[in-house]
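The numbering of the sequence shown is our numbering, which starts it at 20 and goes up by one.
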Amino acid sequence: MPPTTRRTILLAGALAAPALSRSAKAATVLNAVLESEAVILDPYFTTAAITRSFGYHVFDTLFAMDSAGAIRPQMVDTFAAAEDGLVWRFTLRDGLRFHDGAAVTARDCALSLQRWAPRDAMGRLLLAAGAQFEAADARTLVLRLREQFPLVLEVLGKPNAPVPFILPERLARTPGDTRITEIIGSGPFAFRADLWRPGSSMVLE
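Here it is in structure tokens:
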């Protein structure tokens with residue numbers, strides 16, 4: 020995200036909002052007091068609404084639901100399915116990057132979805148249809164199915180938790196029963212782990 024368009028969101032606990040200068044608040048900072056604290060930051064690890072909300076600020080998805088309820092490409096530029104519906108190819112948008120500067124690749128996407136699917140009801144249905152995700156090249160994700168599954172796009176663009184957010188490969192390789200502790204995404208805001216004060220506040224910028 021270009022620096023000229025970045026803003027900082029300070030998500031503060033209701034009992035402990037940190038003090039900021041008046042000029043800083045006016046210039047760059049939005050204070051938000053949420054209904055609860057985001058304790059679990061791994062987006063696949065819980066269905067808690069606060070973790071889902073946090074996830075949408077930090078991570079991104081291949082597809083997303085628009086205001087009319089239709090599933091639209093998000094990180095995906097183009098996609099196509101074979102005539103028999105058993106092979107899907109998704110080409111990522113050019114220039115996608117994680118907050119640490121690394122390019123988002125199809126391998127990141129494949130491993131993220133493999134980690135996410137067993138933890139989600141719709142993801143498990145996709146796996147039951149024989150779903151296998153693989154990277155054909157840096158920008159091309161391939162989904163292979165054993166049998167037709169008519170809700171592929173709906174599953175990849177589902178808005179309810181756990182959401183199929185995309186993680187960097189090194190995080191997506193974390194076993195599904197182990198929480199990730201490094202939070203890096205490619206969404207609209209970067210999580211500032213160095214400024215996180217559990218029970219008090221966190222900063223997204």
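Think of the CB as a built atom: it goes at the ideal place given N, C-alpha and C, for glycine as much as any other residue.
Item                                                                                                                                                                                            : Value
For Phe-73, does the three-state DSSP call read helix, strand or coil?                                                                                                                          : helix
Taking the DSSP output, what are the residues bridged to Ile-90?                                                                                                                                : Met-84
Consult DSSP for Ser-220 and reduce its assignment to one of helix, strand or coil.                                                                                                             : strand
Count the other C-beta atoms from every protein chain shown that fall within 10 angstroms of the C-beta of Asp-61, then say buried if there are 16 or more, exposed otherwise.                  : buried
If the criterion is Cβ atoms closer than 9 angstroms, does the pair Leu-145 and Ala-136 meet it?                                                                                                : yes
Am I right that Ile-185 and Asp-119 are in contact with their C-beta atoms under 8 angstroms? What's the rounded C-beta distance?                                                               : About 14 angstroms; that fails the 8 angstroms criterion.
Alpha carbon to alpha carbon, what distance is there between Ala-129 and Ser-55?                                                                                                                : 32 angstroms
Suppose the cutoff is 8 angstroms on Cβ atoms and the five residues either side in sequence are ignored; what does the same chain contact list for Arg-143 look like?                           : Ala-136, Pro-137
Quick one: what's Leu-160 bridged to in DSSP?                                                                                                                                                   : Phe-109, Ala-154
Give every residue of the same chain whose Cβ lies closer than 8 angstroms to the Cβ of Ala-99, excluding the five residues on either side of it in the sequence, and list them in chain order. : Trp-107, Arg-108
Going by DSSP, name the residue or residues bridged to Arg-116.                                                                                                                                 : Ala-122
Just to check my reading of the structure: Met-84 and Gly-176 have Cβ atoms closer than 8 angstroms, yes? What is that Cβ distance to the nearest angstrom?                                     : 6 angstroms
Is Val-95 helix, strand or coil when you go by DSSP?                                                                                                                                            : strand
For the alpha helix (DSSP H) that Leu-2 lies in, which residues bound it at each end?                                                                                                           : Since the first residue shown for the chain is 20 and the last is 224, residue 2 is missing from the structure and cannot be characterised.
Pro-7: buried (16+ other C-beta within 10 angstroms of its C-beta) or exposed?                                                                                                                  : Outside the shown range of the chain (20 to 224) lies residue 7, about which nothing can therefore be said.
Residues in the same chain with beta-carbon distance under 8 angstroms from Ala-212, minus the five sequence neighbours each way, listed in chain order, please.                                : Glu-201, Ile-202
Going straight from the alpha carbon of Ala-191 to that of Asp-127, what length do you get?                                                                                                     : 7 angstroms
Could you check which residue in Ser-205, Trp-215, Gly-218 has the C-alpha nearest to that of Phe-78?                                                                                           : Ser-205
Expressed to the nearest angstrom, what Euclidean distance is found between the alpha-carbon atoms of Met-141 and Ala-51?                                                                       : 32 angstroms
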